[in-house]
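Everything on this sheet refers to the single structure shown next.
Protein chains in written order, with my numbering: chain Y, 534 to 986; chain U, 11 to 496.
Structure follows, in structure tokens:
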């Protein structure tokens with residue numbers, strides 16, 4: 534200090550005019566940078582959450598209308614001359630009458646009812662009137678009459694689906710401008726629909742068929758439902774749980790508690806973490822080549838789907854289970870060993886029960902992500918058009934062709950009729966409801982059993 | 011006796027083994043369990059295991075061996091030229107099995123009696139029509155040799171099933187008696203049972219290896235078949251993708267690879283900044299309450315099935331981009347485009363990057379931050395100059411893993427990227443990816459001996475190798491990084 538003051542040049546930085554109360558330009562710039570970084574972070578979070586919200590909102594808006602369906606209600610005279618010419622009321626003889634006969638009945642009754650109610654139909658031809666009733670309606674009426682032959686000769690009230698375009702008009706998807714360009718619907722039919730709504734013949738009502746019915750062809754979106762897909766997904770999830778939980782838990786126990794540190798266990802470890810990151814479609818190829826081509830299991834069956842999804846989910850479940858086992862403190866093991874338990878007894882009597890809540894949580898989350906898996910199922914043929922419900926699980930239903938919820942979303946989305954976009958979004962709502970239920974269950978389980986050691 | 015019934019019988023024998031061995035152990039010590047080496051239950055379990063395990067293993071080996079043995083015996087029915095190469099042979103025996111199964115179901119449904127089946131002859135009428143009447147559909151008319159072989163197959167399989175049941179039961183009963191003989195108070199039943207349990211646990215853990223082997227083997231063998239049809243160089247370096255089902259397809263990988271990488275690149279342009287800034291904010295700025303709400307919310311994105319994002323791309327994002335950006339700028343009029351798929355995959359990958367980066371940033375030791383802050387750096391300066399450089403290897407690992415996910419993503423590109431394979435720079439054009447083509451070549455009617463189908467396996471193995479390399483590299487970086495601070 535003294536040397537400095539003795540004459541050397543003053544090397545201290547020249548103090549700029551500054552105050553503790555007002556920051557210098559440089560300080561302000563530095564602080565501004567901090568604010569900017571914060572703003573970027575908030576912006577990033579807002580963008581991602583806003584996109585999520587926007588996506589869910591559009592899907593909800595598109596899909597919620599799938600649960601309501603336009604239905605026509607009118608009395609139908611089940612003419613014995615058409616459905617039961619022999620007059621025997623014998624179901625086997627009546628089964629010879631195809632849906633074409635019932636279609637004529639429906640159309641005739643519909644036109645008669647409109648005349649009775651005094652609704653003008655002058656600008657709509659009979660053929661167009663017939664086209665307003667869903668192609669699905671005659672088959673349903675036929676099933677109903679065959680199930681109960683006493684209906685023949687009587688007048689029964691039916692509510693049948695209106696065709697998809699009329700349904701779209703009531704939901705605002707079809708307008709007069711689009712109808713003018715569309716060969717499947719005419720503006721005059723839409724005018725008539727307005728009058729039918731006023732008369733109470735045509736209305737939107739909740740459609741259980743969307744949740745329980747099977748898929749329907751491209752031409753009748755109004756009749757398609759998720760029944761087969763829900764059963765297929767259910768079968769698959771139960772089987773995936775049955776396959777993955779025992780194997781996953783056994784593998785985790787071995788790796789956490791028994792595995793010596795050697796090259797084999799190293800290889801297994803690396804394999805598990807890599808398998809968790811293999812693209813899902815590769816598992817589809819595996820399923821196609823091994824389960825279908827090599828082992829000869831039936832295509833599109835929920836069994837093959839479950840096997841493929843199990844192989845995919847297994848690494849996730851093993852990772853979660855190992856974390857749960859690792860969270861059990863060593864003191865528990867030491868205590869059990871100390872009173873003479875064998876290693877195996879320690880694991881199965883003490884460690885496993887204590888790790889169970891964690892294992893369950895991890896398993897449910899793994900199953901939730903398995904439920905939404907689509908790509909591998911496309912390759913093993915679950916995208917096929919399936920209208921028959923699979924048989925019960927004990928009658929070999931797992932070998933029957935089935936489809937799954939996410940696959941149904943995809944196959945509806947790839948059809949040309951815009952009515953299927955609505956149903957695709959509706960299917961997503963159902964899928965998301967299942968996912969939310971599973972996730973909430975996992976969270977509750979974690980809350981209920983979470984233990985801090 | 012069917013396999014299922016045999017297994018039921020084994021279950022009964024195993025239960026008997028449990029009861030007998032446990033009972034014998036207790037009887038030998040006069041009901042005083044303390045004089046036994048192990049708890050009485052272990053003697054029971056040992057009996058059950060000895061009754062069931064060898065028998066089940068025997069059954070499994072028999073099931074694998076029987077078809078092979080029968081096929082060898084049946085080869086004599088066919089002239090040599092019919093079975094000279096492997097695919098023809100496989101198809102032929104698949105036919106034989108199908109006809110044999112058809113005959114079985116014809117008997118089961120009561121349409122034909124066993125004698126009528128034995129007397130079936132291609133000269134007396136169409137076997138195909140006879141079987142079709144009982145609900146068994148066959149593709150083509152049955153060759154005389156095939157029918158004879160099928161009848162012989164049924165006969166042999168019938169003998170086989172009988173022999174199998176007898177031998178399996180014999181093995182089970184033998185095991186049971188062996189276990190009973192071994193049972194005495196000094197026998198270390200627990201140790202034996204635990205050895206078996208350990209073997210089962212070990213077996214379960216090797217399933218990961220088996221899966222990997224299965225993936226590689228199945229794709230490799232089919233790919234090799236593909237490269238017999240199609241030159242390997244043309245596949246890896248071909249610039250055109252135009253499968254034609256009449257033959258003469260051009261199946262070049264490069265346009266697909268280009269589409270895949272282009273889409274992944276755009277998705278990373280979206281995911282990396284958003285994910286990284288979100289992670290920095292959550293790890294360094296957000297207070298614990300905000301963090302505990304926002305972090306799970308972002309992770310919700312990762313929990314939504316990709317098909318939902320696919321529909322979002324198809325119905326909302328695609329038309330939006332087309333109507334408001336691509337068409338006004340004259341860049342194209344396609345709803346499905348590289349941009350559509352890229353943006354949506356980007357959003358899907360945000361939680362992936364943000365969670366991993368968040369973990370990695372919080373793992374940077376607090377002492378580094380304290381040192382920097384103590385020198386007077388602002389928090390922003392601490393982050394850019396100290397925390398991020400320290401976390402960089404881990405972040406690179408996270409980004410690589412996200413890239414591998416983007417490359418392997420299927421549903422979003424299937425629904426949002428289009429199906430046209432081209433080498434183009436315009437991001438508003440429809441392009442296609444490896445995964446899209448795997449789906450389109452393997453769905454619908456597939457014949458497993460045309461190059462157009464088999465190419466999917468070659469595509470699959472290319473995809474597998476690319477993502478595997480990225481993953482291994484990323485895992486290596488992350489592991490290396492973790493070790494640094496542990």
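Every residue, glycine too, gets a C-beta built ideally from N, C-alpha and C.
Residue span of the beta strand (DSSP E) that contains residue i, given as start and end
i: residue 601 of chain Y; result: 601-610
i: residue 181 of chain U; result: It is not in any beta strand (DSSP E) - residue 181 of chain U instead sits in the alpha helix (DSSP H) that spans 154-192.
i: residue 693 of chain Y; result: 688-694
i: residue 736 of chain Y; result: 735-739
Outcome for residue i when other beta-carbon atoms lying within 10 angstroms are tallied against a minimum of 16
i: residue 660 of chain Y; result: exposed
i: residue 666 of chain Y; result: buried
i: residue 476 of chain U; result: buried
i: residue 298 of chain U; result: exposed
i: residue 229 of chain U; result: buried
i: residue 478 of chain U; result: buried
i: residue 205 of chain U; result: exposed
i: residue 731 of chain Y; result: exposed
i: residue 535 of chain Y; result: In this prediction, residue 535 of chain Y scores a pLDDT of 45, lower than 50, which makes its location untrustworthy; the coordinate-derived value is nonetheless stated afterwards. The residue is exposed, with fewer than 16 neighbouring Cβ atoms inside 10 Å.
i: residue 709 of chain Y; result: exposed
i: residue 480 of chain U; result: buried
Cβ distance (whole Å) where residue i is taken to contact residue j below 8 Å
i: residue 574 of chain Y; j: residue 276 of chain U; result: Not quite, the Cβ-Cβ distance comes to about 22 Å (not below 8 Å), so this is no contact.
i: residue 367 of chain U; j: residue 313 of chain U; result: Rounded, the Cβ-Cβ distance is 19 Å, inconsistent with contact.
i: residue 245 of chain U; j: residue 262 of chain U; result: 7 Å
i: residue 681 of chain Y; j: residue 756 of chain Y; result: Actually they do not touch by this definition, with Cβ atoms about 21 Å apart.
i: residue 308 of chain U; j: residue 578 of chain Y; result: 7 Å
Interface flag, residue i vs chain Y, CB-CB below 9 Å
i: residue 189 of chain U; result: no
i: residue 418 of chain U; result: yes
i: residue 25 of chain U; result: no
i: residue 57 of chain U; result: no
i: residue 462 of chain U; result: no
i: residue 428 of chain U; result: no
i: residue 310 of chain U; result: yes
i: residue 411 of chain U; result: yes
i: residue 265 of chain U; result: no
i: residue 252 of chain U; result: no
i: residue 477 of chain U; result: yes
i: residue 160 of chain U; result: no
i: residue 449 of chain U; result: yes
Start and end residues, alpha helix (DSSP H) containing residue i
i: residue 841 of chain Y; result: 835-859
i: residue 571 of chain Y; result: 558-596
i: residue 227 of chain U; result: 217-239
i: residue 646 of chain Y; result: 632-649
i: residue 731 of chain Y; result: 720-732
i: residue 700 of chain Y; result: 697-703
i: residue 800 of chain Y; result: 796-808
Test: residue i CB closer than 9 Å to a CB of chain U
i: residue 792 of chain Y; result: yes
i: residue 563 of chain Y; result: yes
i: residue 827 of chain Y; result: yes
i: residue 831 of chain Y; result: no
i: residue 974 of chain Y; result: no
i: residue 570 of chain Y; result: yes
i: residue 567 of chain Y; result: yes
i: residue 894 of chain Y; result: no
i: residue 868 of chain Y; result: no
i: residue 534 of chain Y; result: Bear in mind that a pLDDT of 43 at residue 534 of chain Y, under 50, signals an unreliable position, so the model cannot answer this.
i: residue 538 of chain Y; result: Bear in mind that a pLDDT of 48 at residue 538 of chain Y, under 50, signals an unreliable position, so the number given afterwards is only what the model happens to contain. By this cut-off, residue 538 of chain Y is not an interface position.
Heavy atom of the ligand MG within 8 Å of residue i beta-carbon
i: residue 372 of chain U; result: Summarising the ligand content, the structure contains no ligands, and the ligand MG is consequently not present.
- Query: So, do the stretch 934-943 of chain Y and the stretch 833-840 of chain Y have three or more beta carbon pairs nearer to each other than 8 Å?
  - Reply: yes
- Does the stretch 737-744 of chain Y come close enough to the stretch 915-923 of chain Y to have 3 or more Cβ pairs within less than 8 Å? The stretch 737-744 of chain Y is not in contact with the stretch 915-923 of chain Y.
- Are the stretch 24-31 of chain U and the stretch 57-69 of chain U touching by the rule of at least three beta carbon pairs closer than 8 Å? yes
- Task: Examine the Cβ distances between the stretch 957-964 of chain Y and the stretch 579-597 of chain Y and report whether three or more of them are shorter than 8 Å.
- Result: Segments in contact, yes.
- Query: Three or more C-beta pairs closer than 8 Å, one from the stretch 412-423 of chain U and one from the stretch 798-813 of chain Y: is that the case here?
  - Reply: By the criterion of at least three beta-carbon pairs nearer than 8 Å, the stretch 412-423 of chain U is in contact with the stretch 798-813 of chain Y.
- Message: Any contact between the stretch 639-651 of chain Y and the stretch 605-613 of chain Y? By contact I mean 3 or more CB pairs, one from each, below 8 Å.
- Response: At 8 Å Cβ cutoff, the stretches touch.
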